[in-house]
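J.: Residue numbers (this note's numbering), protein chains in the order written: chain Z, 417 to 1062; chain C, 36 to 340.
Quick reminder that beta carbons are idealized off the backbone N, C-alpha and C, glycines included.
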């Protein structure tokens, strides 16, 4: 054990002494601690586990029996000879790995006299981007570990880029294993110079370099005698003094996202939420968005009594002097500096799901307490996280990061992510699997989103429908290739025509050769294909027509998207249910044969999924019903219900 | 947790409290039928206290659920009734009818006792009431595998947890979307440590079961553990006589399974002092602890944080 080890031990004993001698003084001191979240970036080789183990060990009391176990394990399986292997404190994870528990983000805790620390530890390599972005999303600070013998590596760049992307303001560049380069200042200076050049390149404005040895304990809890040439703080000292995000946010204008409206009785109406930024006092003028109405804060209500002031980071309940509409998803903001409201944005998206992004598909977005439906355009580009190169991309796969335009189905209240994480950071949720598929950051709203206004028209859709004396419909046939969709749809249209109804049939022949001739058969193209057909069908329904569509339309999400575009009851989904074997047997166009031979890729039912409808208005079993019979009951459904509603 | 002066940072306890309140309000707003699991222990006491603050002046908009084994300490039952009444919340008590019928008890049935009363009992209760979100008081510092469980943890319709398929949890955006029959366990105290819990109880003056404080109590020493003779159902082995000792409990479960420690700590600071200065981990009182909820409270069992 060297000299720095002794200093560490003293720190522990000092804490112990205060607990034993004056527990009240100890509690009083700990009561005023602040809290810092940070993330450590680096692989096992960089000594990350050793550093975290060291921080935990140095700052907390360790039970005698556990220390004995650690010492025994260190000798048995450790990599440090007779010395304690701190990595074992953290890498007990090996056992979990054997148990098959996914190692992604683990949160660990330690405390010093001044602060409580929450460390997000992301050991995984394969899912590194997803895990690191998740761990970094709540972090005030990131420690980028560099092995002094290796210098800046690809992963150093990757970690730095991700930390910067997620908006971490405080970066510590810890040059580790200084003991293995004889505490050589020139080695350290060269690494820091290289890093500074790289940092400037990617827009990192500031970072704090520290030479350390996690193993030997240099510059961790106290300044090391081995690096007299270093005049900055020890790591823990720096961690104890950095300003936390929540405190910095107090200086910004007030924003509170409303989570819950508190109405115990008719006389009390409070708006509960966590203050994202700024401060609030009774008497402050506030603006409620999206309505834009202003009011005055009457009380800040808590169980401990009303407050004179509340600040960013606090969860409070506000009452307002004037009764105005305000509900979950709204934002209470400083009246003179409200956030913006828009529905189209440029954003950075980090894809986190095994199933790739499908541009045009509709996903749920949660941003603050707002929950809306969104569609995402094809990315403008994808970023190679290893060298920050921008690559052309049509989609994003797991761990892909790209910049794309995003449109919400109604205007949302937002701020650029770099100004406010609460109103600029969002997650995307798949509407069918309910999985969190992506995280994203809004940068700015697109100007057109504020300039497009719906043109009021005098001849509206009701007028169109009335003139045609029919209820507009979109009759959506879905089913496998060769299931009989087009055959049945054709018969339906003939009957409608005979009944004097105004209709139009959209099918592969008239759509794929024109409107959608630029689209292929990848999942992404299939989504876009259906989206366009949906939009066209909707316009035709607006014009009063009964629209019949005959497309495989294999995905529930797109069928649901079209359904959601139309008034309730106007969308009729008809599942033409023909078993794959039967459809393949018929194989009218010889397509199955080609697909089986591998000549056709992405063929539904063969190497691309068909998602069976769950809530179709009608199911036609073609093994039990002729096309004629099917057409008859469908026409009854379309026209029959109209006669009742007129 | 009043915050007074301007531009001063919030303390760690203020931030932990604020985070827990935020989590509880998200659940109240987005879940259809939430419930708070209440085990009467110190973590439950903190969770309930934060819930009262989160919704004040309304009572918390969900009931408390105690999955009872009928073998808890009598003082726990008294605390349970009082806590629910003070909070103005409905208290639901579930006792597994099958375990009751078969007379499952900790003296004769060992691990089956815990499984039937607690594990099966909990599933029965959640199914019976159709709860789609259940708050629990578990913390990430309790054991290493907990360190990576999400705050919002999903359960299939069969109450299974799939650790390989956890949703990424970013910022403070919690995805509560789920299919019918699925449910969420929510852990608002995930980021608290045991010291945070005690310190908060101290600062907020939260009522906890008196068994946490030292007092003379009738005990029996068995297999290196101090058991308390809590009621007439206690089975003495040959030669055993109750002996009065000054004891307290670090964790509370079924009384015949929970070991006490000899202690003179009668105030919260003394308890915290004892906890911080203890040089052996808690396994001393846990030799035959099969109680699942109590294991949850086991701290530093494998690691040391």
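Kindly give me the distance between the Cβ atoms of residue 80 (chain C) and residue 99 (chain C), rounded to whole angstroms, as I take these residues to be in contact under 8 Å.
T.: About 12 Å separates the two Cβ atoms, so there is no contact after all.
J.: From the beta carbon of residue 734 (chain Z), is the nearest beta carbon of chain C less than 8 Å away?
T.: Cβ-Cβ to chain C under 8 Å: no for residue 734 (chain Z).
J.: Between residue 763 (chain Z) and chain C, is there a C-beta pair that is closer than 8 Å?
T.: Not one chain C Cβ lies under 8 Å of residue 763 (chain Z).
J.: Please return the same chain residues whose Cβ sits closer than 6 Å to the Cβ of residue 157 (chain C), not counting the five positions on each side in sequence.
T.: For residue 157 (chain C), where only same-chain residues beyond five positions count, the Cβ hits under 6 Å are 102.
J.: From the beta carbon of residue 286 (chain C), is the nearest beta carbon of chain Z less than 8 Å away?
T.: No, residue 286 (chain C) lies away from the interface with chain Z (no Cβ there is under 8 Å from its Cβ).
J.: Going along the region 85-112 of chain C in order, which residues come within less than 9 Å of chain Z, judged by CB to CB distance?
T.: Listed by position along the chain: 87, 88, 89, 90, 91, 92, 93, 94, 96.
J.: Name, please, each residue of chain Z whose Cβ falls closer than 9 Å to the Cβ of residue 78 (chain C).
T.: Result: empty, since nearest Cβ-Cβ is about 15 Å, beyond 9 Å.
J.: With contact counted as at least three CB pairs below 8 Å, one residue from each stretch, are the region 746-756 of chain Z and the region 697-704 of chain Z in contact?
T.: Yes: the two stretches touch, three or more of their Cβ pairs being nearer than 8 Å.
J.: Quick one: give me the first and last residue of the alpha helix (DSSP H) that residue 578 (chain Z) is part of.
T.: Here the alpha helix (DSSP H) through residue 578 (chain Z) covers 570-581.
J.: I'd like to know whether the C-beta of residue 53 (chain C) is nearer than 8 Å to at least one C-beta of chain Z.
T.: For residue 53 (chain C), the answer is yes, since a Cβ of chain Z falls inside 8 Å of its Cβ.
J.: Restricting to Cα atoms, I'd like to know which of Z:557, Z:1016, Z:613 is closest to residue 661 (chain Z).
T.: Cα-wise, what sits closest to residue 661 (chain Z) is Z:557.
J.: Beta-carbon within less than 7 Å of residue 816 (chain Z)'s beta-carbon, same chain only, minus the 5 sequence neighbours each way: which residues are those?
T.: Same-chain partners within the cutoff: 767, 798.
J.: Excluding sequence positions up to five away, which residues of its chain have a Cβ less than 8 Å from the Cβ of residue 127 (chain C)?
T.: 70, 98, 99, 100, 101, 160, 164.
J.: Counting only beta-carbon separations shorter than 8 Å, does residue 228 (chain C) have a partner in chain Z?
T.: Answer yes: the Cβ-Cβ gap between residue 228 (chain C) and chain Z drops below 8 Å somewhere.
J.: With 16 other CB atoms within 10 Å as the buried threshold, where does residue 875 (chain Z) fall?
T.: It counts as exposed.
J.: Check whether the Cβ of residue 153 (chain C) lies closer than 8 Å to any Cβ atom in chain Z.
T.: Residue 153 (chain C) does not count as touching chain Z.
J.: Residue 546 (chain Z) by DSSP, collapsed to three states: which one?
T.: Residue 546 (chain Z) falls in the helix class under three-state DSSP.
J.: Could you list which residues in chain C have their beta carbon closer than 9 Å to that of residue 520 (chain Z), in chain order?
T.: Those within 9 Å of residue 520 (chain Z) in chain C are 183, 201, 203.
J.: Would you report the Cα separation of residue 514 (chain Z) and residue 313 (chain C), rounded to the nearest angstrom?
T.: Here residue 514 (chain Z) scores only 47 on pLDDT, less than 50, and its place in the model should not be relied on; the value that follows carries that caveat. Going by the C-alpha atoms only, they are around 32 Å apart.
J.: Should the region 1001-1009 of chain Z be regarded as contacting the region 961-979 of chain Z, the criterion being three or more beta carbon pairs within less than 8 Å?
T.: Output reads no: the region 961-979 of chain Z does not touch the region 1001-1009 of chain Z.
J.: For chain C, check one thing: does any of its Cβ atoms lie closer than 8 Å to the Cβ of residue 635 (chain Z)?
T.: It does not; no Cβ of chain C falls within 8 Å.
J.: Under 8 Å, Cβ to Cβ, is there at least one residue of chain Z near residue 238 (chain C)?
T.: Answer yes: the Cβ-Cβ gap between residue 238 (chain C) and chain Z drops below 8 Å somewhere.
J.: Below 8 Å on C-beta distance, what does residue 293 (chain C) contact in chain Z?
T.: Within 8 Å Cβ-Cβ: nothing; residue 293 (chain C) doesn't reach chain Z, min ~20 Å.
J.: List in chain order: all unbroken beta strand (DSSP E) runs of 3+ residues lying wholly within the region 107-168 of chain C.
T.: Counting whole runs of 3 or more residues, the region 107-168 of chain C contains the beta strand (DSSP E) stretches 126-129.
J.: Do you know offhand how far residue 435 (chain Z)'s Cα is from residue 298 (chain C)'s?
T.: If you take the alpha carbons of residue 435 (chain Z) and residue 298 (chain C), they lie about 17 Å apart.
J.: Distance, Cα to Cα, residue 694 (chain Z) vs residue 771 (chain Z)?
T.: Using only the alpha carbons, I get a separation of about 39 Å.
J.: Opposite residue 587 (chain Z) in the DSSP bridges: which residues?
T.: Beta-bridge pairing links residue 587 (chain Z) to Z:558.
J.: Measuring CA to CA, which of Z:624, Z:576, Z:581 is closest to residue 614 (chain Z)?
T.: The candidate whose alpha carbon is nearest that of residue 614 (chain Z) is Z:576.
J.: Can you pull the chain C residues whose beta carbon is under 7 Å from the beta carbon of residue 440 (chain Z), in chain order?
T.: In chain order: 304.
J.: Taking its Cβ as the centre, do 16 or more other Cβ atoms sit within 10 Å of residue 132 (chain C), making it buried, or is it exposed?
T.: Exposed is the call here.
J.: Can you tell me where the beta strand (DSSP E) holding residue 357 (chain Z) begins and where it ends?
T.: Since the first and last residues shown for chain Z are 417 and 1062, residue 357 (chain Z) lies out of range.
J.: To test your reading of the DSSP string, which unbroken beta strand (DSSP E) runs of 3 or more residues are found completely within the region 912-959 of chain Z?
T.: List check, beta strand (DSSP E) in window: 919-923.
J.: So for residue 965 (chain Z), helix, strand or coil by DSSP?
T.: The answer is strand: DSSP assigns residue 965 (chain Z) an E or B state.
J.: What separation, rounded to the nearest whole angstrom, lies between the Cα atoms of residue 51 (chain C) and residue 279 (chain C)?
T.: Distance between the alpha carbons of residue 51 (chain C) and residue 279 (chain C) is about 40 Å.
J.: How should residue 811 (chain Z) be labelled, buried or exposed, when 16 other C-beta atoms within 10 angstroms of its C-beta is the threshold for buried?
T.: With 16 or more Cβ atoms within 10 Å of its Cβ, residue 811 (chain Z) is classed as buried.
J.: Pick helix, strand or coil for residue 652 (chain Z), following the three-state DSSP scheme.
T.: Three-state DSSP puts residue 652 (chain Z) in a helix.
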